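Quick note on numbering: full-length UniProt numbering labels position 139 of the sequence shown as 139, and the sequence is numbered without any gaps. Glycine is no exception: its CB is placed at the ideal position from the N, C-alpha and C atoms. Keep in mind the model is a prediction, meaning the values are calculated, not measured. Right, one structure below, let's go through it.
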Amino acid sequence: PFKLLIFYGVMTVLFSAVLNNVTAMIIIGSLTGVSLNKLGHNDKLLGFLLIEGLLTNVGGLLTLISSVPNIIVGNLAGIAFIDFFLYSAPYVFIASALTLWLGASLFGIRRLTTETEKVEAAQQVSSFDENDGIAGKAVFRYSIVLFVLLILAFSLQSVIPLLDELGMGFVALMFAFIALLRFRNDVNEFYANIDWDLIFFFVTLFMVINVMEHARVLEAIGVGIVMLTELGPKAGPLALLWSSALASSVTDNIPLAAMLGKILFQLGEQTTAAHWWSVIFGSNLGGNITPIGSASTVV
């Protein structure tokens, strides 16, 4: 089970880096439940799921597109895709390793020690069908290639003037259009799977934030943020980190990141890189403080 925990832990971080946290948790959590049931280790299920829930929020820091707060704050701060990865990857690696080690120690998840346990586990794993759920190899390969090209486009956006001018949103739409050309016969299925609720949520969210800006609500909140930034180059970002993390532990981190990002953007030269990263880390990791702090831990 310990090797399985490491495998699913790494998968959770990687899936969270390219998918939204809820989707990653549902996929990995379902695989975990099936695997542990077949291996006869249902007593370890709670430990596995809790560790994976924590890792979804850690993995959400890996790239600029890993979570919505990253996209919102990163775009306002002007952080390039590759720069974001270089800054956050060391933390994600260390935090993931510590989470796996502490989780395994806390929930008693250990390695298989006897030869009998290893043989039984190997026999049970051999009954798994790795091709289950794949519609066709051609479709699978095309999707993988397109996805890799999309990640490369995001990575090279800051060095290719055309992509930089288009912006991340139009680059993603361009690849979506290419995908639809290949699967044009299934276009209705694609439209049905779009999360329209999330799209309209963002539309109304930024409308509300702009109304708050014109009503001087953000200006009033900004006074408190200015007080935090004036605490000093070290104490200021630290205070902003903890305040955003605590707020994120009891509320949705998307509107929180949008509001704080807008305020920091308006402060101009008073805002440093440390303040931007404090909001990014705080809004993402605050979800690990309480069971209701993020959608993935609720799942």
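message: Nearest by alpha-carbon distance to S67: which of S283, T290 and I289 is it?
response: Residue 67 sits at position 67 when you count from the first residue of the sequence shown. Nearest to S67 by C-alpha distance, out of S283, T290 and I289, is S283.
field: Proximity below 8 Å, CB of L62 to CB of V92
entry: Here residue 62 refers to the residue found at position 62 of the sequence shown. Here residue 92 refers to the residue found at position 92 of the sequence shown. Yes, these two residues count as a Cβ contact at 8 Å.
message: Our contact map puts H275 next to T229 with C-beta atoms below 8 Å; I'd like the distance itself, whole angstroms only.
response: Within the sequence shown, numbered from 1, the residue matching residue 275 stands at position 275. Within the sequence shown, numbered from 1, the residue matching residue 229 stands at position 229. Right, the Cβ-Cβ distance comes to about 6 Å (below 8 Å), so this counts as a contact.
message: Tell me the DSSP secondary structure of D195 in three-state form.
response: One-based indexing of the sequence shown puts residue 195 at position 195. Three-state result, D195: coil.
task: Output the boundary residues of the alpha helix (DSSP H) element that contains G59.
output: For the purposes of this step, residue 59 is identified with residue 59 of the sequence shown, where counting begins at 1. L45 to G59 is the span of the alpha helix (DSSP H), which, as asked, contains G59.
field: For T229, the three-state DSSP class (helix, strand or coil)
entry: Locating residue 229 in the sequence shown gives position 229, where the first residue counts as 1. In the three-state DSSP reduction, T229 falls in the helix class (H, G or I).
field: Closest by C-alpha distance to A258, when choosing among G224, A122 and L76
entry: Translated into positions along the sequence shown, residue 258 becomes position 258. Checking every option, the nearest Cα to that of A258 belongs to L76.
message: Beta-carbon within less than 7 Å of T12's beta-carbon, same chain only, minus the 5 sequence neighbours each way: which residues are those?
response: Sequence index remark: in the sequence shown, residue 12 carries index 12 (1-based). Around T12: A24, I28, E52, L55, T56 and G59.
- request: Assign L104 to one of three DSSP states: helix, strand, or coil.
  value: Within the sequence shown, numbered from 1, the residue matching residue 104 stands at position 104. It is Ala, not Leu, that sits at residue 104 in the sequence shown. The answer is helix: DSSP assigns A104 an H, G or I state.
- prompt: Buried or exposed: W101, going by 16 or more other Cβ atoms within 10 Å of its Cβ?
  reply: As a first step, residue 101 is located in the sequence shown; it is residue number 101 there, counting from the start. So W101 counts as exposed.
- request: Quick one: using the 10 Å Cβ neighbour count with 16 as the cut-off for buried, is K3 buried or exposed?
  value: The sequence position of residue 3 within the sequence shown is 3, counting from 1. With fewer than 16 other Cβ atoms within 10 Å, it is exposed.
message: Is the beta carbon of L64 closer than 8 Å to that of F81?
response: As a position in the sequence shown, residue 81 is number 81, starting the count at 1. As a position in the sequence shown, residue 64 is number 64, starting the count at 1. Taking the C-beta atoms as reference points, L64 is found nearer than 8 Å to F81.
- request: Could you check if A245 is buried or exposed, using at least 16 other CB atoms within 10 Å of its CB as the buried criterion?
  value: Sequence index remark: in the sequence shown, residue 245 carries index 245 (1-based). By the neighbour-count rule (16 or more Cβ atoms within 10 Å), A245 is buried.
task: Thinking Q157 and M168 are a contact (beta carbons under 8 Å), I'd like their distance in whole angstroms, please.
output: Along the sequence shown, read from residue 1 onward, the residue named residue 157 stands at position 157. Along the sequence shown, read from residue 1 onward, the residue named residue 168 stands at position 168. Yes, Q157 and M168 are in contact; Cβ-Cβ is about 7 Å, under 8 Å.
- prompt: Who are the near neighbours of G78 in its chain, counting only those whose CB is closer than 8 Å to its CB and skipping five residues on each side?
  reply: By 1-based counting over the sequence shown, the position of residue 78 is 78. Around G78: no qualifying Cβ.
Backbone secondary structure at K3 - three-state DSSP: What you label residue 3 is simply residue 3 of the sequence shown in a count that begins at 1. In the three-state reduction of the DSSP assignment, K3 falls in the helix class.
field: Contact under 8 Å by Cβ, T32 with L45
entry: By 1-based counting over the sequence shown, the position of residue 32 is 32. By 1-based counting over the sequence shown, the position of residue 45 is 45. Result yes, Cβ atoms of T32 and L45 sit closer than 8 Å.
field: Euclidean distance between Cα positions of G9 and L260
entry: As a working note, residue 9 is residue 9 in the sequence shown. As a working note, residue 260 is residue 260 in the sequence shown. Spanning the alpha carbons of G9 and L260 requires a straight line of approximately 31 Å.
- prompt: Would N253 pass as a contact of G224 if the rule is Cβ separation under 8 Å?
  reply: The sequence position of residue 253 within the sequence shown is 253, counting from 1. The sequence position of residue 224 within the sequence shown is 224, counting from 1. Taking 8 Å as the Cβ cut-off, N253 and G224 do not qualify as a contacting pair.
Spatial neighbours of S88 in its chain, beta-carbon cut-off 7 Å, leaving aside the 5 residues before and after: Working through the sequence shown from its first residue, we reach residue 88 at position 88. Only residues of its own chain outside the window of five on either side were considered, and among them L61 and L62 have a CB closer than 7 Å to the CB of S88, listed in chain order.
- prompt: In terms of alpha-carbon separation, which member of I6, F281 and A153 lies closest to F170?
  reply: Against the sequence shown, residue 170 aligns to sequence position 170. Shortest Cα-Cα distance from F170 to any of I6, F281 and A153 involves A153.
message: Only counting the same chain, and skipping five residues up and downstream in sequence, which positions put a Cβ closer than 6 Å to that of T271?
response: The residue you call residue 271 lines up with position 271 of the sequence shown. Correct list, in chain order: L264.
task: Can you say whether G108 is buried or exposed, counting buried as having 16 or more other CB atoms within 10 angstroms of its CB?
output: Along the sequence shown, read from residue 1 onward, the residue named residue 108 stands at position 108. The Cβ neighbour count for G108, taken over all protein chains shown within 10 Å, is under 16; the residue is labelled exposed.
field: Under the three-state DSSP convention, the category S283 falls into
entry: For this step, residue 283 is matched to residue 283 along the sequence shown. Note: S283 maps to helix in three-state DSSP.
query: Cβ atoms of I94 and L146: under 8 Å apart, would you say?
result: On the sequence shown, residue 146 is found 146 positions in, with the first residue counted as 1. On the sequence shown, residue 94 is found 94 positions in, with the first residue counted as 1. Contact flag unset, no.
- prompt: Does DSSP put S249 in a helix, in a strand, or in coil?
  reply: Within the sequence shown, the letter at position 249 stands for residue 249. DSSP places S249 in the coil class of the three-state scheme, outside both helix and strand.
message: Does G136 come out as helix, strand or coil in the three-state DSSP assignment?
response: Start at 1 with the first residue of the sequence shown, and residue 136 comes out as number 136. The DSSP-derived three-state label of G136 is coil.
message: Just to confirm the assignment, what range does the alpha helix (DSSP H) spanning T32 have?
response: Here residue 32 is taken as the residue at index 32 of the sequence shown, counted from 1. T32 -> alpha helix (DSSP H) spans N21 to L39.
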